[in-house]
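First comes the structure, then the notes that go with it.
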Amino acid sequence: MSGLFPFHGGLKTVRHKTESNQQPIRWSALPHRLTVPLRQHIGAIAKPLARAGERVLKGQMIGQPDGYISAAIHAPTSGKVIAVEQQPVPHPSGLPDWCVVIESDGEERWVERQAVDYRRLHPSEVRNRLRSAGVVGLGGAAFPSAVKLNPSGHAEALETLILNGAECEPWITCDDRIMRERAAEIIAGLHVIAHLLEPREVLIGIEDDKPEAIAAMVAACAGTGFAVRPVPTRYPSGSVKQLVKLLTAKETPVDGLPVDVGVQCFNVGTAYTIYRAIEFGEPVISRTVTITGHVNQPQNLEVLLGTPFSELIAQSGGYRDGVERLIMGGPMMGFAVHDDGVPVTKATNCLLAASAAELAPLRPVMPCIRCGACVDACPANLLPQQLYWHARAKEFDKAQDYHLFSCIECGCCSYVCPSHLPLVQYYRYAKNEIWAQEKEKQKAELARQRHQARLERLEREKQERDAKLRQKRPRHARWRWKTRLTKPSRPIAPRRLRPRPNQRLKLASGAIESPCTLKR
Amino acid sequence: MWVAVIALGVLAGASGLMLGFAAVRLRVEGDPVVEKIDAILPQTQCGQCGFAGCRPYAEAIAAGEADINQCPPGGETGIVALAELLGRDPKPLNPENGAEKPKMVAVIDERNCIGCTLCIQACPVDAILGAAKHMHTVIAKECTGCELCIAPCPVDCIYMTPIAQTIANWKWTYPLADTGARGSVEQAAA
Amino acid sequence: MHFKTLTSPHVLGETSVGQVMRRVLYAMVPGATALIWFFGWGVLVNLAVATVVALMAEAAMLAVRNKPIATHLADYSAVVTAWLLAVALPPLAPWWMTVIGVLSAIVVAKHLYGGLGYNPFNPAMIGYVVLLISFPREMSSWLIPQGIGQAHALSLIETLQAIFNGLLPDRLAADALTGATPLDALRTQLGLGLAVADIRNSPVFGIVAGSGWEWAASGFLAGGLWLIYTRVAAWQIPAGLLSGLAVISTIFYLIDPQRYAPPWFHLWSGAAIFGAFFIATDPVTASTTPRGRLLYGAGVGVLTYIIRSFGGYPDGVAFAVLLMNIAAPTIDLYTQPKVFGARRG
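Chains as they are written, first to last, in my numbering: chain W, 1254 to 1773; chain U, 11 to 200; chain B, 25 to 369.
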């Protein structure tokens, strides 16, 4: 085994993996109604293709990617579209978003599927297939995979392809289970990725607290040249930039992506869906979700996207007494949902029902004593106490001087803070404010330009009018002079320019234009 | 004594010449402070400050003819930014100019619109679309919320509506639980 | 079903400000015990008086500032300040001196600057310096450690009498009981033109530094190492301080061993060890970046030596710490660590 290159900071957290990783993955029951959000990924919301009342087949595209960074959405089962409307979705705000609501007919009739041999297709054709299969990163960020699978635009060949099976967050075990049960399929998917990106080496990073998964993956890798690299169990080793550092010693630039240092990284679940999409023509309509914490039967379920959280909890034996929070994702970076009626999306890797036993007790918030525990824990090598100081004082410029946007919101600083400061929330607040201010500024700039353009237009119109009048007047005069020669008559022009009294009244109420233009 | 007087006189003369030279040669063209002030103003072009748009107001501030607290859409943030730029003390918004309101956009009730084009002429950023005797509509993305279109409408079919909160524009809030305050634990739980 | 929503992370570590401060107190026990052993009950009485006054002052200031009293008293920060100051006071210091010192520390240096986390200067050292400048004679009259001035036999009652009423037992004269500290003795006698080696033959000196003193320093060293092991104190500050002091004292010792004391004497004398692990490591007032802490520690070490050797006071740790407190924000600004993924240089 070749060497590892530890990143700065990080934590040994509680693990709680054994609660849910003992039984095999089961299929969850087909729900009566599925609410499929049209935005399950990073990027633009998908354009709805289905209308209320329409019948859809399992795997039929119901949302079309809108733009390059977007992903397709498919019907998870066959049935009838009841509505395309705003419904609550899993989001920290609790706000609704556009969803396609499907009533299942229980028949599970598939749309026509087509397997392909990716080796015979042009890479762009393979990418298009994955794009229309709705493949996104299943590690939690849900970034459209087709974008990452496009090597063009990067001059140098890809050095390293990393398959991320670290799963460093406590409680979550879905990647652990699929590596144990579907290692061969994951590796088959990895072959597709490697075919598209042509990396020099392929590494598989797995935290060493998953010996069974490591063994399964090592067995599946036999003869492929792919190398399984167990990494020490240290949160957040599953964070992309940290895992890249750990395995290759390369630091991803502050405002860059791993691909900038010749590394690309995919989650094990993503590799599995790529395999299904290529070998079976199946789009992403389900994913593995860990249901754990304060429920009666913690387990991993293969869940159709759009299934309400509450049904998964019910299938896991229901809540035990005293559940206070329902967290989507892990306890370090996940967010608490407002309601358990929201549906599973491609980003839902774990549901953690948390009671006081799983949660940190509420303790008084004390002033920062500048102890520097956060500095030691920060995997991005930031100075969290300075970021806190400036975010709290709303000094956003200074927070940016301390590299606020390098923060990955992993929560290590909050975890070790003896004063129990909600540090991560301060950083999120500051980032959001900076983005909002940036948008405001852009909007103001647009308004400035439009106002300027309007003033110029008005000025131009005035000049054109004046020019016309100047042109007209001599002719007019000549004409008048001529007419006067022949037949003296009363002048017409002055009368035309005089506004009627009632017109003038209306103009006084705010019009900028002069009377003569109105008349014109 | 004369030596001192002459020496000082020569010194003063030399300094004067240098300053004069600097004033001519190193002169800054234009007035960058106007640009800086204009960059802080929200560009609603609403005229609540008493000037015919943001730029004229910026010029008036730079010339010392207007105070920094006359812009309701810019609000407290804007006043603080202006105060910092100009090295003055921030002051509360002048109530004569109006009050700070949440961001709004204009909406035309299209059933009642008679197509008179008066609002089109009033809009400072050309954000209303339409033609004579045809229904008009507001380009919401470009509306600055200046309310200038409301008064001219002869049938009162334009109203202001707050910008709706969506997942796209939702923001994390400032943490409630801050250090030291009594009951911070309860606040943290809220 | 509806749920409470709170921001991540949803799990937190076990640490708290109270735990950090309690650990500092535990770590002081060995050193303080040695002090009590060699200098008598007075040290214990000072500790008790300082603790009580500090807690009262803290509670009063919290009430005035409308802060939750119980929560903040439970953070033990006032007790830590009290102990740091108390062990720096002469064992028979009159009670009102302790009170003045603690009040200067808690009321002025801590709460008037915004309370825990906001004070720019180390409160205990402000209290100590106020006393040192106001009462130089009282502050320099230390007891002679047990073992050399056989007269050390003050009982607890006699100690209380001495501290609260200023009365010494008839059988003892003040001169027999108190004497200069080793650093003070060194300084005075160097001023008389004696050589270091000769001075160090006097009984007030022990194996490496002052007799009795070196044991207290060793006790604080043990406690300090434990603090570093438990990560309560950053290792960079003591490392920087002790190496700064060692380097500069070695240089001068090599230049002229007759006029300058050896490095081991400086390291084990006065408040060097205590200051390195307990005073300079006060997180609120120290530098917070890893490199900055090394620099900050080294600065305290060098300044301590300069004040000891060329300044007007026998020991310089308190002044050195306060001077470096001023420099801490600037040091932090220029010693920011390289952010993950930032370009080098």
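Even for Gly, the Cβ is constructed at its ideal location relative to N, Cα and C.
Buried versus exposed call for residue i [16 or more other C-beta atoms within 10 Å across all chains shown]
i	result
methionine 11 of chain U	exposed
aspartate 356 of chain B	buried
isoleucine 1459 of chain W	buried
arginine 1373 of chain W	exposed
threonine 212 of chain B	exposed
asparagine 189 of chain B	exposed
isoleucine 1278 of chain W	buried
aspartate 98 of chain U	As written in the sequence, residue 98 of chain U is arginine, which differs from the aspartate given in the question. It counts as exposed.
asparagine 225 of chain B	exposed
methionine 28 of chain U	exposed
tyrosine 1572 of chain W	buried
arginine 1529 of chain W	buried
glutamate 238 of chain B	buried
tyrosine 67 of chain U	buried
threonine 1736 of chain W	Unreliable placement is indicated for threonine 1736 of chain W, whose pLDDT of 46 sits below 50; the coordinate value is still reported in the next sentence. Answer is exposed; the Cβ neighbour count stays below 16.
isoleucine 1431 of chain W	buried
isoleucine 1531 of chain W	buried
Residue span of the alpha helix (DSSP H) that contains residue i, given as start and end
i	result
cysteine 163 of chain U	That residue, cysteine 163 of chain U, is in no alpha helix (DSSP H); it is neither H nor E in DSSP.
glutamate 1611 of chain W	Segment: none, glutamate 1611 of chain W is in no alpha helix (DSSP H) and carries neither H nor E.
glutamate 1564 of chain W	1562 to 1568
leucine 245 of chain B	237 to 253
glutamine 1639 of chain W	1637 to 1645
Inter-residue spacing [alpha-carbon to alpha-carbon] between residue i and residue j
i	j	result
glutamate 94 of chain U	isoleucine 1326 of chain W	49 Å
leucine 71 of chain B	alanine 110 of chain B	5 Å
tryptophan 107 of chain B	serine 1672 of chain W	22 Å
serine 65 of chain B	alanine 1502 of chain W	In the sequence as presented, serine is not what sits at residue 65 of chain B; that position holds tryptophan. For tryptophan 65 of chain B and alanine 1502 of chain W, the distance between alpha carbons rounds to 58 Å.
threonine 274 of chain B	arginine 47 of chain B	33 Å
glycine 268 of chain B	alanine 322 of chain B	4 Å
threonine 312 of chain B	glycine 55 of chain B	26 Å
valine 90 of chain U	glutamate 1712 of chain W	35 Å
leucine 21 of chain U	phenylalanine 31 of chain U	15 Å
valine 34 of chain U	alanine 72 of chain U	22 Å
isoleucine 157 of chain B	tryptophan 119 of chain B	17 Å
leucine 1443 of chain W	alanine 137 of chain U	51 Å
isoleucine 2 of chain U	glycine 1559 of chain W	In the structure as shown, chain U begins at 11 and stops at 200. Residue 2 of chain U is therefore absent and cannot be evaluated.
glutamine 1724 of chain W	arginine 1710 of chain W	21 Å
arginine 1751 of chain W	leucine 1722 of chain W	The predicted model places arginine 1751 of chain W with a pLDDT of 40, which falls under 50 and marks its position as unreliable; any figure quoted below should be read in that light. When rounded, the distance between both Cα atoms is 15 Å.
phenylalanine 302 of chain B	glycine 264 of chain B	14 Å
Element boundaries [beta strand (DSSP E), containing residue i]
i	result
serine 1281 of chain W	Run containing serine 1281 of chain W: none; DSSP gives neither H nor E here.
alanine 1480 of chain W	1480 to 1484
glutamine 1317 of chain W	1314 to 1317
threonine 1413 of chain W	1413 to 1418
In DSSP terms, what residue i is bridged to
i	result
leucine 1604 of chain W	W:Ile1544, W:Met1581
serine 1539 of chain W	W:Leu1557
methionine 114 of chain U	U:Pro172
threonine 147 of chain U	U:Leu139
asparagine 1685 of chain W	Asparagine 1685 of chain W is not bridged to any residue.
serine 1357 of chain W	W:Gly1332
histidine 135 of chain B	For histidine 135 of chain B, which the question treats as bridged, DSSP gives no partner whatsoever.
arginine 1308 of chain W	W:Lys1333
Taking 8 Å as the cut-off, does the stretch 1366 to 1379 of chain W touch the stretch 1337 to 1349 of chain W (at least 3 CB pairs, one atom from each stretch)?
no
Take every Cβ of the stretch 1537 to 1550 of chain W, pair it with every Cβ of the stretch 1412 to 1419 of chain W, and state whether three or more of those distances are shorter than 8 Å.
Contact fails: fewer than three Cβ-Cβ distances are below 8 Å.
So, do the stretch 1529 to 1537 of chain W and the stretch 1502 to 1520 of chain W have three or more beta carbon pairs nearer to each other than 8 Å?
no
Would you call the stretch 1297 to 1316 of chain W and the stretch 1564 to 1581 of chain W touching, i.e. three or more CB-CB distances under 8 Å?
no
Using a Cβ distance threshold of 8 Å, determine whether the stretch 1613 to 1623 of chain W contacts the stretch 288 to 299 of chain B, with at least three qualifying pairs required.
no
Evaluate contact between the stretch 1460 to 1473 of chain W and the stretch 327 to 344 of chain B, counting only Cβ atoms and requiring at least three cross-stretch pairs below 8 Å.
no
With three or more C-beta pairs closer than 8 Å as the rule, is the stretch 276 to 292 of chain B touching the stretch 75 to 86 of chain B?
no
Under 8 Å: do the stretch 29 to 49 of chain B and the stretch 92 to 106 of chain B share three or more Cβ pairs, one atom per stretch?
yes
Under 8 Å: do the stretch 1387 to 1405 of chain W and the stretch 1445 to 1453 of chain W share three or more Cβ pairs, one atom per stretch?
yes
Can you find at least 3 beta carbon pairs, one from the stretch 1351 to 1362 of chain W and one from the stretch 1425 to 1440 of chain W, that sit closer than 8 Å?
no
Could you check whether the stretch 1698 to 1710 of chain W touches the stretch 1656 to 1670 of chain W, counting it as contact only if at least three pairs of C-beta atoms, one from each stretch, sit closer than 8 Å?
no
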